[in-house]
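Below is one structure, written out as structure tokens; comments come after it.
2 protein chains.
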Amino acid sequence: MSGAKSMSMELPLDQILRGECVETMRTLPSGSVDCVFADPPYNLQLRGELRRPDDSLVDGVDDDWDKFSDLQEYDRFTRAWLTEARRVLHKDGTIWVIGSYHNIFRIGAILQELGFWILNDIVWRKSNPMPNFRGRRFTNAHETLIWAARSEDSRYRFNYQAMKALNDDVQMRSDWYLPLCTGNERLRNEHGLKLHPTQKPESLLHRVLLASTTVDDVVLDPFTGTGTTPAMARRLRRRFIGIERHPDYVEAAMSRVARETPLADDAVVTTQDKREAPRVPFGSLVELGLLPVGTVLCDKKQRVNATVSPDGTLVSGTKRGSIHKLGAQLTNAPSCNGWTFWHFERNGEFLPLDVLRQESLDLAKTAAATAKAAAAG
Amino acid sequence: MSGAKSMSMELPLDQILRGECVETMRTLPSGSVDCVFADPPYNLQLRGELRRPDDSLVDGVDDDWDKFSDLQEYDRFTRAWLTEARRVLHKDGTIWVIGSYHNIFRIGAILQELGFWILNDIVWRKSNPMPNFRGRRFTNAHETLIWAARSEDSRYRFNYQAMKALNDDVQMRSDWYLPLCTGNERLRNEHGLKLHPTQKPESLLHRVLLASTTVDDVVLDPFTGTGTTPAMARRLRRRFIGIERHPDYVEAAMSRVARETPLADDAVVTTQDKREAPRVPFGSLVELGLLPVGTVLCDKKQRVNATVSPDGTLVSGTKRGSIHKLGAQLTNAPSCNGWTFWHFERNGEFLPLDVLRQESLDLAKTAAATAKAAAAG
DNA sequence: ACCCCACCTGAATCTGATA
DNA sequence: TTATCAGATTCAGGTGGGG
Numbered sequence: 001m002s003g004a005k006s007m008s009m010e011l012p013l014d015q016i017l018r019g020e021c022v023e024t025m026r027t028l029p030s031g032s033v034d035c036v037f038a039d040p041p042y043n044l045q046l047r048g049e050l051r052r053p054d055d056s057l058v059d060g061v062d063d064d065w066d067k068f069s070d071l072q073e074y075d076r077f078t079r080a081w082l083t084e085a086r087r088v089l090h091k092d093g094t095i096w097v098i099g100s101y102h103n104i105f106r107i108g109a110i111l112q113e114l115g116f117w118i119l120n121d122i123v124w125r126k127s128n129p130m131p132n133f134r135g136r137r138f139t140n141a142h143e144t145l146i147w148a149a150r151s152e153d154s155r156y157r158f159n160y161q162a163m164k165a166l167n168d169d170v171q172m173r174s175d176w177y178l179p180l181c182t183g184n185e186r187l188r189n190e191h192g193l194k195l196h197p198t199q200k201p202e203s204l205l206h207r208v209l210l211a212s213t214t215v216d217d218v219v220l221d222p223f224t225g226t227g228t229t230p231a232m233a234r235r236l237r238r239r240f241i242g243i244e245r246h247p248d249y250v251e252a253a254m255s256r257v258a259r260e261t262p263l264a265d266d267a268v269v270t271t272q273d274k275r276e277a278p279r280v281p282f283g284s285l286v287e288l289g290l291l292p293v294g295t296v297l298c299d300k301k302q303r304v305n306a307t308v309s310p311d312g313t314l315v316s317g318t319k320r321g322s323i324h325k326l327g328a329q330l331t332n333a334p335s336c337n338g339w340t341f342w343h344f345e346r347n348g349e350f351l352p353l354d355v356l357r358q359e360s361l362d363l364a365k366t367a368a369a370t371a372k373a374a375a376a377g
Numbered sequence: 001m002s003g004a005k006s007m008s009m010e011l012p013l014d015q016i017l018r019g020e021c022v023e024t025m026r027t028l029p030s031g032s033v034d035c036v037f038a039d040p041p042y043n044l045q046l047r048g049e050l051r052r053p054d055d056s057l058v059d060g061v062d063d064d065w066d067k068f069s070d071l072q073e074y075d076r077f078t079r080a081w082l083t084e085a086r087r088v089l090h091k092d093g094t095i096w097v098i099g100s101y102h103n104i105f106r107i108g109a110i111l112q113e114l115g116f117w118i119l120n121d122i123v124w125r126k127s128n129p130m131p132n133f134r135g136r137r138f139t140n141a142h143e144t145l146i147w148a149a150r151s152e153d154s155r156y157r158f159n160y161q162a163m164k165a166l167n168d169d170v171q172m173r174s175d176w177y178l179p180l181c182t183g184n185e186r187l188r189n190e191h192g193l194k195l196h197p198t199q200k201p202e203s204l205l206h207r208v209l210l211a212s213t214t215v216d217d218v219v220l221d222p223f224t225g226t227g228t229t230p231a232m233a234r235r236l237r238r239r240f241i242g243i244e245r246h247p248d249y250v251e252a253a254m255s256r257v258a259r260e261t262p263l264a265d266d267a268v269v270t271t272q273d274k275r276e277a278p279r280v281p282f283g284s285l286v287e288l289g290l291l292p293v294g295t296v297l298c299d300k301k302q303r304v305n306a307t308v309s310p311d312g313t314l315v316s317g318t319k320r321g322s323i324h325k326l327g328a329q330l331t332n333a334p335s336c337n338g339w340t341f342w343h344f345e346r347n348g349e350f351l352p353l354d355v356l357r358q359e360s361l362d363l364a365k366t367a368a369a370t371a372k373a374a375a376a377g
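Protein chains in written order, with UniProt numbering: chain A, 1 to 377; chain B, 1 to 377.
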């Protein structure tokens, strides 16, 4: 199955090598690892300081390792480490690289140019992202992982059934909903400050390793940091090779790994992903055309009415607001459930908006069932 | 506001030009459009035909326009049309490009190389994606849109409040959950077969246009296809320029546009950003007598207070300054929004100055309406 | 033990008009 | 071009103290 381990060369297994990533990879034999997980610098290019609306300062990434003079230098760096990673990878191996819009397009383009074969782009949707404090863009609520085989004809590993099981017995999709690394999981120094600015959550690596490797596979992480990859590899009984430049991180990561207990033989697919509540923003009913812009809504006794705007707000005279806010305002109530307060006309009778909400959920459910049936054949 | 339309050149507005996209863009003047939405060919590398588990054939993308001999050719094509798009775009304009992992990394990298400034990458999560029939990858359940300004210093449009309203009054995130284009919305030929393999849903364009353009803005779609962009532009009272190579699509799109009814003046209005509201100098509230000289203001928790001067400054002890300056000074904050910081007493409760600002705007609006009625009567 | 609330934090390319 | 200043802007979740 996994070819790399059959080579049985003298690999520095279950170690974190201190050193530059390209140089250190050069010391590893070709075709010797089954999987690479890489979390390279993102080249964020942050400029001034950023403050929250309450004037508190955002603790941004200002480390030297994320500073590049320009795109060309970042591309050279990227091409260099991806070239080595490809050499070290077994012919049937796969690579994962995570990034944001700052760097992921560079990475993806270079991966393709080097002959990697992209299998999926995976979206890590953050359940608790940092908001956009200035209101100038959409909340940057996700990061992207690229999953690629070493080449077009690699016979790569994908544990389809394990992923399906992990996802309530429907195919695992390319969008993953996972929280950030916070709380106890986040490594901290003696002052309680985060040890590393970009520590990844264990749930992410758990899914990555479970999807694309098997027991005893060798996983290489060229940017190990605080060692999430080694820790999850040990827990899931994979072998790891870490590479990390900073001695403090090497030490922190190794003691973290030492605290991990490998799972027993029979323990495998256990973790469940956090299910999302099927929230329906009122605006989406408008976008979907279930409720045309300009529709006039009224309360049950038709004492007040309001018109639907393109952005999902309601307008009544000079007043504008969400279905809840405007309902409260027009009735002088402290609060109001707009879903039950506002009614629309259908076949001569007035129905609450809640009917439409339910219908939109049913639509989604039917579509999902159809897709599943098609998949089942 | 939107710079492009003020140029009033002879643009082929509200038309779909039949022709090759680069050539046709060359006929348009520089800086003449406010927004570009592009759904270019995806360079799908489907090797041979794809069959479902029941051996039925998947009607994939295999039209002539999607055949590119290799990555280099696709890059050349991409660079060519993006270069023209950038020339045609107003300096403060933005571009949207949608793609999948097959092409989006080429597009993103070239966008950056041409000097576009990426604002967000947006994930369109499909509520009803096609399942992965072979079980060899994750279900490809999303597509990616890149939203970018023409350059780093573009003062681009983002209708923050409208997006927030559309999402139940929390910031719109970078992941959008929308269904595929199916059912009645999908254009079909006389045999009931879909007219175009990749028709985009109207809900997607509704959100795109509502986020990044305003009424009468000019939107260019260089790969118009069945005309979802023109149709939504017409509905939302934006102007459009379409470009499409295939005469059948041009015809289908134009008759589709003709079936759209533009929203009425008052129906197309969305929640306004405060930045766009008319500016009210604090001093004018004093002049208008809405806030008498000598009134004592305090912060919400009544920890500091200050007195209103005739010139619209506040005085607190020996300190004097604008509502913003003094608020910042008294709280040792780098900045302060005096409108929300300072409160005045009315009927026993403390209200922020912002209430008075709104009231002065309402007064002005009422006065204008009265004047208009008098003139008409 | 439990609830409530105040406070803290996260890979962030985070203002714009006017003088 | 640069300096100045008005004023717009946050969500989910964890932690910890007090009642």
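Where is the CB? At the ideal position from N, CA and C, for every residue including glycine. Every value quoted in this text rests on a predicted model; they were computed, and no experiment measured them.
Closest to residue i by CA distance: which of the options is it?
i: Pro-292 (chain B); options: B:Leu-353, B:Ala-148, B:Asn-189; result: B:Leu-353
i: Leu-210 (chain B); options: A:Gly-312, A:Glu-20, A:Arg-87, A:Ser-360; result: A:Gly-312
i: Leu-71 (chain B); options: A:Asn-305, A:Leu-111, A:Leu-285; result: A:Leu-111
i: Leu-17 (chain B); options: B:Asp-248, B:Ser-316, B:Ile-243, B:Gln-329; result: B:Ile-243
i: Asp-59 (chain A); options: A:Met-25, A:Asn-189, A:Asn-347, A:Thr-198; result: A:Thr-198
i: Tyr-160 (chain A); options: A:Leu-187, A:Ser-151, A:Arg-173; result: A:Arg-173
i: Ile-107 (chain B); options: B:Ala-165, B:Leu-89, B:Ala-85; result: B:Ala-85
i: Lys-67 (chain A); options: A:Leu-82, A:Asn-103, A:Arg-52, A:Asp-92; result: A:Asn-103
i: Ser-56 (chain A); options: B:Thr-331, B:Phe-350, B:Arg-346; result: B:Thr-331
Starting from the C-beta of residue i, find all residues in its chain whose C-beta is less than 6 Å away, skip the five residues before and the five after it, and write them out in chain order.
i: Gly-327 (chain B); result: Cys-336, Gly-338, Phe-341
i: Asp-221 (chain B); result: Phe-37, Thr-229, Gly-242
i: Phe-116 (chain A); result: Ala-148
i: Pro-40 (chain B); result: Phe-223
Drop a sphere of 10 angstroms on the beta-carbon of residue i, count the other beta-carbons inside from all chains shown, and report buried for 16 or more, exposed for fewer.
i: Arg-320 (chain A); result: buried
i: Ser-309 (chain A); result: buried
i: Arg-134 (chain A); result: exposed
i: residue 382 (chain B); result: Any question about residue 382 (chain B) goes unanswered here, given that chain B covers just 1 to 377.
i: Thr-366 (chain B); result: exposed
i: Ala-368 (chain B); result: exposed
i: Thr-318 (chain B); result: exposed
i: Val-296 (chain A); result: exposed
i: Thr-24 (chain A); result: buried
Measuring from the CB of residue i, is there a heavy atom of the ligand HEM at a distance below 6 Å?
i: Asn-189 (chain A); result: Judged by which ligands are present, the structure shown has none, so any question about the ligand HEM falls away.
Which value, in whole angstroms, describes the spacing of the CA atoms of residue i and residue j?
i: Val-215 (chain B); j: Val-268 (chain B); result: 8 Å
i: Glu-251 (chain B); j: Arg-235 (chain B); result: 18 Å
i: Thr-271 (chain A); j: Arg-26 (chain B); result: Bear in mind that the predicted position of Thr-271 (chain A) carries a pLDDT of just 46, short of 50, making it too unreliable to give a figure here.
i: Ala-258 (chain B); j: Ala-233 (chain B); result: 12 Å
i: Leu-180 (chain B); j: Asp-34 (chain B); result: 27 Å
i: Leu-363 (chain B); j: Pro-12 (chain B); result: 42 Å
i: Ser-127 (chain A); j: Gly-348 (chain A); result: 42 Å
i: Ile-323 (chain B); j: Asn-167 (chain B); result: 33 Å
i: Tyr-249 (chain B); j: Thr-213 (chain B); result: 25 Å
i: Pro-131 (chain A); j: Ser-100 (chain A); result: 15 Å
Which residues of chain B have a Cβ atom closer than 9 Å to the Cβ of residue i, listed in chain order?
i: Arg-137 (chain A); result: Leu-119, Asn-120, Trp-147, Phe-158, Tyr-160, Ser-174
Along chain A, in chain order, which residues have C-beta atoms closer than 7 Å to that of residue i?
i: Phe-105 (chain B); result: Phe-105, Gly-108, Ala-109, Gln-112
Return the chain-ordered list of same chain residues with a C-beta closer than 8 Å to the C-beta of residue i, the five sequence neighbours on each side being excluded.
i: Arg-237 (chain B); result: Val-215, Asp-216, Pro-262, Leu-263, Val-268
i: Leu-356 (chain A); result: Leu-285, Leu-290, Leu-291, Phe-344
i: Pro-247 (chain A); result: Arg-18
Excluding sequence positions up to five away, which residues of its chain have a Cβ less than 7 Å from the Cβ of residue i?
i: Trp-124 (chain B); result: His-142, Glu-143, Leu-145, Trp-176, Leu-178, Leu-204
i: Leu-195 (chain A); result: Leu-187, Arg-188, Asn-189, Thr-226, Ala-252
i: Val-315 (chain A); result: Ala-306, Thr-307, Ser-309
i: Glu-20 (chain A); result: Arg-245
In chain A, which residues lie with their C-beta within 9 Å of the C-beta of residue i?
i: Ala-267 (chain B); result: Val-293, Gly-294, Thr-307, Val-308, Ser-309, Pro-310, Val-315
What does residue i reach in chain A if we use C-beta pairs closer than 8 Å?
i: Leu-330 (chain B); result: Residues of chain A passing the Cβ test: none, with the nearest at roughly 13 Å.
i: Thr-271 (chain B); result: Ser-309, Asp-311, Thr-313, Arg-320
i: Lys-325 (chain B); result: Neighbours of Lys-325 (chain B) on chain A: none; closest Cβ ~15 Å, over 8 Å.
Name the chain B residues that come within less than 7 Å of residue i, Cβ to Cβ?
i: Gln-171 (chain A); result: Pro-131, Asn-132, Thr-139
By the criterion of Cβ-Cβ separation under 8 Å, what are the contact partners of residue i in chain B?
i: Tyr-101 (chain A); result: Gly-108, Ile-118, Asn-120, Asp-121, Ile-146
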